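Participant: Have a look at this one.
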Amino acid sequence: MTSAAEEWVPRRNVLWGSFNGLAYVPRLPPTAYTLLLHMMTEQEPGGLVVATHDELAAGLAMERGMISRAMPHLVAARLVTVVRRGRFQLHPMIAAFNDPREQQRAIKALPKDMRLDVGDFEDEYERRFQLHLDEKARKAEAKAKGNVTPITKTTRLKRVH
Numbered sequence: 001m002t003s004a005a006e007e008w009v010p011r012r013n014v015l016w017g018s019f020n021g022l023a024y025v026p027r028l029p030p031t032a033y034t035l036l037l038h039m040m041t042e043q044e045p046g047g048l049v050v051a052t053h054d055e056l057a058a059g060l061a062m063e064r065g066m067i068s069r070a071m072p073h074l075v076a077a078r079l080v081t082v083v084r085r086g087r088f089q090l091h092p093m094i095a096a097f098n099d100p101r102e103q104q105r106a107i108k109a110l111p112k113d114m115r116l117d118v119g120d121f122e123d124e125y126e127r128r129f130q131l132h133l134d135e136k137a138r139k140a141e142a143k144a145k146g147n148v149t150p151i152t153k154t155t156r157l158k159r160v161h
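Residues in the sequence shown are numbered consecutively from 1, following UniProt numbering.
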């Protein structure tokens, strides 16, 4: 016999994860940590997170802009990869799997430079995040100057009868 409390609790598959990769997480802004932990609770087996920035923001009771500002930190730290809009992949060293062998295979398949435990993760994070900031500044400068790629070939419209 089940209690009333057990009847309404949603059932979730239990996933396995060795989260030793979290030992290699650089100093991130608090919002980025909060977002990472939320994504870890929302992941599918293998670390796929299917959610838009709006859905992530709603799940954390935050504004969408806070998610947009936190996500580049997670990407620069190599903890999250943006697959496409609304799909994010957690790094295999922090993702949950159906069993430990799946995680071991995923980690072994990683190129050595993508492992979190190789090299100086703090320096790598800072270098990648600076590249992000530089690119963002370059785009803002180009927009401010009104740099628009000119159309070099004239197009001819066909006459419609």
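No residue lacks a Cβ here, since even glycine has one placed at the ideal position from N, Cα and C.
These figures come from a predicted structure and were not determined experimentally.
Could you tell me which uninterrupted alpha helix (DSSP H) segments, each at least 4 residues in length, are contained entirely in the stretch 82–152, listed from first to last along the chain?
Facilitator: Counting whole runs of 4 or more residues, the stretch 82–152 contains the alpha helix (DSSP H) stretches 100–108 and 121–145.
Participant: Is it true that the stretch 115–134 meets the stretch 49–65, where meeting means three or more beta-carbon pairs spaced less than 8 Å apart?
Facilitator: No, the stretch 115–134 is not in contact with the stretch 49–65.
Participant: Could you check which residue in Ser18, Leu110 and Ala32 has the C-alpha nearest to that of Ala76?
Facilitator: For the purposes of this step, residue 76 is taken as the residue at position 76 of the sequence shown. Per the Cα distances, Ala32.
Participant: Do Leu35 and Ala61 come within 9 Å of each other at the CB atom, strictly closer than that value?
Facilitator: For the purposes of this step, residue 61 is taken as residue 61 along the sequence shown, with counting starting at 1. For the purposes of this step, residue 35 is taken as residue 35 along the sequence shown, with counting starting at 1. Cβ atoms of Ala61 and Leu35: not closer than 9 Å.
Participant: Run through DSSP, which three-state label would Val75 get?
Facilitator: Residue 75 sits at position 75 when you count from the first residue of the sequence shown. Looking at Val75 - three-state DSSP - the assignment turns out to be helix.
Participant: Can you tell me the Cα-Cα spacing of Ile107 and Gly119, whole angstroms?
Facilitator: For this step, residue 107 is matched to residue 107 along the sequence shown. For this step, residue 119 is matched to residue 119 along the sequence shown. Distance between the alpha carbons of Ile107 and Gly119 is about 16 Å.
Participant: Run through DSSP, which three-state label would Leu22 get?
Facilitator: What you label residue 22 is simply residue 22 of the sequence shown in a count that begins at 1. Residue state, collapsed to three classes: helix.
Participant: Alpha carbon to alpha carbon, how far is Lys143 from Arg92? Give it in angstroms, no decimals.
Facilitator: Translated into the one-based positions of the sequence shown, residue 92 becomes position 92. Translated into the one-based positions of the sequence shown, residue 143 becomes position 143. Residue 92 is actually Pro in this sequence, not Arg. The alpha-carbon atoms of Pro92 and Lys143 are separated by roughly 37 Å.
Participant: Under three-state DSSP, which class holds Leu48?
Facilitator: Here residue 48 refers to the residue found at position 48 of the sequence shown. Note: Leu48 maps to strand in three-state DSSP.
Participant: Quick check: Gly17 and Gln103, are their CB atoms within less than 9 Å of each other?
Facilitator: As a first step, residue 17 is located in the sequence shown; it is residue number 17 there, counting from the start. As a first step, residue 103 is located in the sequence shown; it is residue number 103 there, counting from the start. Taking 9 Å as the Cβ cut-off, Gly17 and Gln103 qualify as a contacting pair.
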